[in-house]
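A.B. asks: Quick one: the structure is below, questions incoming.
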Amino acid sequence: MHDFTIETDRLILRPLRIEDAQSVYQWVSDERVAKYMVYNTYTSFEDAVEWLTMLQEPDEEYHFGFVRKEDGLLIGSGSIGP
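Quick note: the sequence shown uses our numbering, first residue 6, plus one each step.
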């Protein structure tokens, strides 16, 4: 896991944490969102926790959570890698 943070005028991109599971589950369990993603719609909160746990392991990719500055809400995620 990395400790890089990127800040723009409206967003903070920061490492995802296990504590983000509830926020993550809100979008990964939404069929309208998952429809355009590479993953299937999550059907349990535990799936989100499992995914976030996996992201804590060393990896060649940098995984970021996208936090809206105006209200601190975690609204999405993305990864950068080779």
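Positions of the beta carbon are idealized from the N, C-alpha and C atoms, including for glycine.
Could you compute how far the alpha carbon of residue 37 sits from the alpha carbon of residue 46?
C.D. replies: Position 32 of the sequence shown, counted from the first residue, corresponds to residue 37. Position 41 of the sequence shown, counted from the first residue, corresponds to residue 46. Going from the Cα of residue 37 to the Cα of residue 46 covers about 9 Å.
A.B. asks: Could you compute how far the alpha carbon of residue 41 sits from the alpha carbon of residue 31?
C.D. replies: Your numbering for residue 41 matches position 36 in the sequence shown. Your numbering for residue 31 matches position 26 in the sequence shown. Cα to Cα, the separation comes out at about 15 Å.
A.B. asks: Taking only three categories from DSSP, how would you classify residue 12?
C.D. replies: As a first step, residue 12 must be located in the sequence shown, where it is residue number 7. Three-state result, residue 12: strand.
A.B. asks: Residue 49: buried (16+ other C-beta within 10 angstroms of its C-beta) or exposed?
C.D. replies: Along the sequence shown, read from residue 1 onward, the residue named residue 49 stands at position 44. Answer is exposed; the Cβ neighbour count stays below 16.
A.B. asks: Rounded to whole angstroms, what's the CA-CA distance from residue 54 to residue 25? Just pull it up for me.
C.D. replies: On the sequence shown, position 49 is the one that residue 54 refers to. On the sequence shown, position 20 is the one that residue 25 refers to. Between residue 54 and residue 25, the alpha-carbon positions lie close to 8 Å from each other.
A.B. asks: Could you check what DSSP says for residue 22 in three-state terms: helix, strand or coil?
C.D. replies: Within the sequence shown, residue 22 is the residue found at index 17, counting from 1. Secondary structure of residue 22 (DSSP, three-state): coil.
A.B. asks: For residue 68, which residues does DSSP report across the bridge?
C.D. replies: Residue mapping note: residue 68 aligns to position 63 of the sequence shown, counting from 1. Its beta-bridge partners are 84.
A.B. asks: Rounded to whole angstroms, what is the Cα-Cα separation between residue 11 and residue 62?
C.D. replies: As a first step, residue 11 must be located in the sequence shown, where it is residue number 6. As a first step, residue 62 must be located in the sequence shown, where it is residue number 57. Residue 11 and residue 62: Cα-Cα distance of roughly 21 Å.
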